[in-house]
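Single-structure report; data block below.
Protein chains: 2
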Amino acid sequence: MYGLIGRMIAAPGKRDELLSALNGSIGHMPGCLSYVIALDREHPDALWVTEVWDSAESHKASLSLPEVRAAITKARPIIAGFDNRVETIPVGGVGLAGAK
Amino acid sequence: MYGLIGRMIAAPGKRDELLSALNGSIGHMPGCLSYVIALDREHPDALWVTEVWDSAESHKASLSLPEVRAAITKARPIIAGFDNRVETIPVGGVGLAGAK
Chain A
1 MYGLIGRMIA APGKRDELLS ALNGSIGHMP GCLSYVIALD REHPDALWVT
51 EVWDSAESHK ASLSLPEVRA AITKARPIIA GFDNRVETIP VGGVGLAGAK
Chain B
1 MYGLIGRMIA APGKRDELLS ALNGSIGHMP GCLSYVIALD REHPDALWVT
51 EVWDSAESHK ASLSLPEVRA AITKARPIIA GFDNRVETIP VGGVGLAGAK
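Order-wise, the sequence lines are chains A and B. The numbering of the first sequence is UniProt numbering, which starts it at 1 and goes up by one. The numbering of the second sequence is UniProt numbering, which starts it at 1 and goes up by one.
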């Protein structure tokens, strides 16, 4: 499995709009076992995204899906930056959709 | 919802043992929507744990479950520390077991 943890900083006041853009992209992404979007409790413009994929290849391929490309197009102008990005190797747990 | 992201550092060489202890605790935890354990790619003793609960209360209550107490007892002597801990407010995504 392939995991990503990271924080996305929206342009000031644009977190809700960024959230909508991201939510629009996560309908069906092949190989996506978990994708959680969360608000940062301290930073009013920050979102945490934690992802689990069956492989790094599935993650990479998702970036070419029409829904994801559309979301990236909408989100890009309202993203101020990224930080705390970590790649991980998930090994198990609860809530991994269809994981074996 | 209530979210936690954090890194656990095992005593040197004890990551696999810590992993087994944690895995033993996550059978059925009421209110747990997601609980993913992942290896850090850089630090040979570090594990990432990302959690989503229906509420902070469910998370707190889980710490009293017999399986979780047993895991904590096993894990405590082989945990060297914690870092990168963040509390979040999850708002949606893929792989949230039974989330409404």
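Beta carbons: idealized from backbone N, C-alpha and C, even for Gly. These numbers come from a predicted model, not from an experiment.
>> Using a Cβ-Cβ distance cut-off of 9 Å, determine whether ARG41 of chain B contacts chain A.
In response: yes
>> Strictly under 9 Å for the Cβ-Cβ distance: is PRO30 of chain A near chain B by that measure?
In response: no
>> Against chain A, which members of the stretch 79 to 99 of chain B pass a CB distance test of less than 8 Å?
In response: ASN84, VAL86, GLU87, THR88, ILE89, PRO90, VAL91, GLY92, GLY93, VAL94, GLY95, LEU96 and ALA97
>> Within a Cβ cutoff of 6 Å, which residues of the same chain sit near GLU17 of chain B, ignoring the five residues on either side of it in sequence?
In response: ILE78
> Residues in its own chain within less than 7 Å of ASP54 of chain B by CB, not counting five upstream and five downstream?
Replying inline: MET1, GLY31 and LEU33
>> Could you tell me which whole beta strand (DSSP E) segments of length 3 or greater appear in the UniProt domain "ABM" (2 to 88) of chain A?
In response: 2 to 10, 32 to 40 and 46 to 53
>> Please list, in chain order, the chain B residues whose beta carbon lies closer than 7 Å to that of THR50 of chain A.
In response: ILE5 and THR50
> GLU51 of chain B: buried (16+ other C-beta within 10 angstroms of its C-beta) or exposed?
Replying inline: buried
>> Checking the sheet assignment: what are the DSSP bridge partners for GLY92 of chain B?
In response: A:ILE37
>> At the level of alpha carbons, what is the spacing between ARG85 of chain A and HIS28 of chain B?
In response: 30 Å
> Is the shortest distance between the beta-carbon of ALA38 of chain A and the beta-carbons of chain B less than 9 Å?
Replying inline: yes
> By how many angstroms is the C-alpha of ILE9 of chain A removed from the C-alpha of LEU39 of chain B?
Replying inline: 25 Å
>> Taking the beta carbon of LEU63 of chain A as the centre, do at least 16 other beta carbons fall within 10 Å, making it buried, or is it exposed?
In response: exposed
> Among B:ALA70, B:GLY24 and B:ILE72, which has the Cα closest to the Cα of VAL94 of chain A?
Replying inline: B:GLY24
>> Since ALA75 of chain B and ALA21 of chain B should fall inside the 8 Å C-beta cutoff, what is the C-beta to C-beta distance between them, to a whole number of angstroms?
In response: 4 Å
>> Counting C-beta neighbours from all protein chains within 10 Å, is the total for ASP45 of chain A 16 or more, i.e. buried, or is it exposed?
In response: buried
> In chain B, which residues lie with their C-beta within 7 Å of the C-beta of LEU33 of chain A?
Replying inline: GLY95
> With C-beta atoms as the reference, is GLY3 of chain B less than 9 Å away from PRO66 of chain B?
Replying inline: no
> Which residue from A:TRP48, A:GLU87 and A:GLY92 puts its Cα closest to that of GLY81 of chain A?
Replying inline: A:TRP48
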